[in-house]
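As numbered in the working numbering, the sequence shown has no gaps in its residue numbers, which increase by one up to the final residue, 932.
All C-beta atoms, glycine included, are put in the ideal place defined by N, C-alpha and C.
Written out below as structure tokens is the structure these notes cover.
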Amino acid sequence: MLWIASKSCGLGLYRADLVETYWAWEQDPALLVGYGRQVPESLEARAEGMTQQLRGANVRFTVYDLAGDEPVPVGVTTLLPDDAVRTAEFVIMIGKEARGRGLGTEATRLTLDYGFHVTNLRMVWLKVLAPNIGGVTAYERAGFQRAGVLREAGYWLGEVCDEVIMDALAREFPGPSVVKALFEG
């Protein structure tokens, strides 16, 4: 079941039955480096965390590749809202097999669309390690702008690095809005 979709990508329910798939993506060394995590997580710990995530107030989506006959899960996006100020932190994870095809950018854009037009957020922000040029570029394509830098706040391949803070404002959302299109017609 997809909640919103473009031609290439869809966002659907965050699903307990996919916990092993999510866990497998999270064990990819490239993803561990990108997140700044040093230690892999056991499947048991991930399953326990999944139970907490399903009860939480965060907005979570499974990302689907729509290129084939059936939607295929390829990642996860998350909005961690701060309801008092109508903002949220954005986090994305795309599985290794789906990277490099623009799905991360499109999933980010769809998540922003949902956040701004359904959840009524006014701003979404994220942190990305500065050496992750591909990530920074994908976020910029989706509508994020650089807002600042946390100097020497992370590690990339064993070296200290900066974290780039990026934000996207609802009033600057580049669109097109898939959510608004549902009501026009």
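Please check the pair residue i and residue j, which I expect to be a contact at CB under 8 Å, by giving their CB distance rounded to whole angstroms.
i: Glu899; j: Val911; result: Incorrect: roughly 13 Å between the Cβ atoms, too far for contact.
i: Val810; j: Ala854; result: 4 Å
i: Tyr761; j: Phe808; result: 6 Å
i: Leu826; j: Val871; result: 7 Å
i: Pro818; j: Gly882; result: Rounded, the Cβ-Cβ distance is 24 Å, inconsistent with contact.
i: Thr858; j: Thr824; result: 4 Å
i: Ala814; j: Ser755; result: 6 Å
i: Gly862; j: Val806; result: 7 Å
In its own chain, which residues sit with a C-beta less than 6 Å from the C-beta of residue i, not counting the 5 before and 5 after it?
i: Pro878; result: Trp903 and Cys908
i: Tyr886; result: Met913
i: Arg888; result: Thr852
Using 10 angstroms around the beta-carbon of residue i, count the other beta-carbons present and answer buried if the total reaches 16, otherwise exposed.
i: Ile880; result: exposed
i: Leu868; result: buried
i: Gly890; result: buried
i: Asp829; result: exposed
i: Asp816; result: exposed
i: Val832; result: exposed
i: Leu873; result: buried
i: Val920; result: The identity of residue 920 in the sequence shown is Phe, whereas the question assumes Val. Classification for Phe920: buried.
i: Tyr803; result: Just to set this straight, residue 803 is Gly in the shown sequence, not Tyr. Exposed is the call here.
i: Met748; result: exposed
i: Arg893; result: exposed
In its own chain, which residues sit with a C-beta less than 7 Å from the C-beta of residue i, not counting the 5 before and 5 after it?
i: Ser924; result: Asp860 and His864
i: Val780; result: Trp903 and Leu904
i: Ala763; result: Met797 and Leu801
Tell me which same chain residues have a C-beta within less than 8 Å of the C-beta of residue i, skipping the five on either side of it?
i: Val896; result: Ala877, Asp909, Glu910, Val911 and Ile912
Of all the CB atoms in chain B, is at least one closer than 8 Å to the CB of residue i?
i: Arg762; result: Reference to chain B is not applicable here, since this structure consists of a single protein chain.
Worksheet item: Are the region 842 to 849 and the region 782 to 802 in contact at 8 Å, needing three or more beta carbon pairs?
Response: Contact fails: fewer than three Cβ-Cβ distances are below 8 Å.
Worksheet item: Whole beta strand (DSSP E) runs in the region 810 to 861 with 3 or more residues, listed along the chain?
Response: Those beta strand (DSSP E) runs which fall completely within the region 810 to 861 and span 3+ residues are 819 to 829 and 834 to 841.
Worksheet item: Mind pulling the alpha helix (DSSP H) runs of 4 or more residues that sit fully within the region 783 to 807?
Response: Segments of the alpha helix (DSSP H) lying fully in the region 783 to 807: 790 to 802.
Worksheet item: In the region 866 to 903, which residue ranges form an unbroken alpha helix (DSSP H) of at least 4 residues, counting only runs that do not cross its ends?
Response: DSSP runs (the alpha helix (DSSP H)) wholly in the region 866 to 903: 880 to 889.
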